[in-house]
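Trainee:
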Amino acid sequence: MRAGARVLTITGLSAAAVLLTGCGSTSEDPAEWWGAGGETRIQNLVDDVSDVNRARMSPSVVLGEACESLRKHVAEAEEFESIPDDDIQETWADALASFKRGIPDCVAGVDAQDDALASQGVMEITGDGLRHLRSTASMLRTSVDAQ
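Everything in the sequence shown is counted per my numbering, starting at 1 for the first residue and increasing by one.
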């Protein structure tokens, strides 16, 4: 390959790398993650868990809708970028995993009119899931406030 072609190729690759980096940019600190949509993801989940908790004593259709809303927001949260702090990300992943364990039981219990199964799902959601979500939010607030 000629020297001129090599320079052109390297320049082209460098430009492509810069463009791709800009397109797929992710937050570099928790405060950026929070401001780039993380706060919305957390608030959606807090609202959904509150709805699940309130609906546990409501007609089953209300509980089913609350669990389905939580399922939707968990999926959105999983598609969103990772939190750029390993400890906070681990707690966040634990919250999402707990929700994912509880949602199927909640929905299946509602569909089958099996209160025990629905309650088992609700307990996973409002127990471990909420505990991990609160920890995530607290750790993020501490990190954001430190900025």
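Glycine residues also receive a C-beta, built at the ideal position from the N, C-alpha and C atoms.
Between D114 and R131, what straight-line distance do the alpha-carbon atoms span, to the nearest angstrom?
Mentor: Here residue 114 refers to the residue found at position 114 of the sequence shown. Here residue 131 refers to the residue found at position 131 of the sequence shown. Going by the C-alpha atoms only, they are around 25 angstroms apart.
Trainee: Run the CB neighbour count on S138, radius 10 Å, all protein chains shown included, and call it buried at 16 or more, exposed below.
Mentor: Start at 1 with the first residue of the sequence shown, and residue 138 comes out as number 138. Exposed, because fewer than 16 other Cβ atoms sit within 10 Å of the Cβ of S138.
Trainee: CB L149 to CB A108, shorter than 9 angstroms?
Mentor: Any answer about residue 149 is impossible in this case: the structure gives the chain only from 1 up to 147.
Trainee: What span of residues does the alpha helix (DSSP H) with E65 cover, start to end?
Mentor: Sequence index remark: in the sequence shown, residue 65 carries index 65 (1-based). Residues 60–79.
Trainee: Buried or exposed: G35, going by 16 or more other Cβ atoms within 10 Å of its Cβ?
Mentor: As a first step, residue 35 is located in the sequence shown; it is residue number 35 there, counting from the start. So G35 ends up on the exposed side.
Trainee: Quick check on R56: buried or exposed, where buried means 16 or more other Cβ atoms within 10 Å of its Cβ?
Mentor: The residue given as residue 56 occupies position 56 in the sequence shown. Looking at its Cβ environment, which holds 16 or more other Cβ atoms inside 10 Å, R56 is buried.
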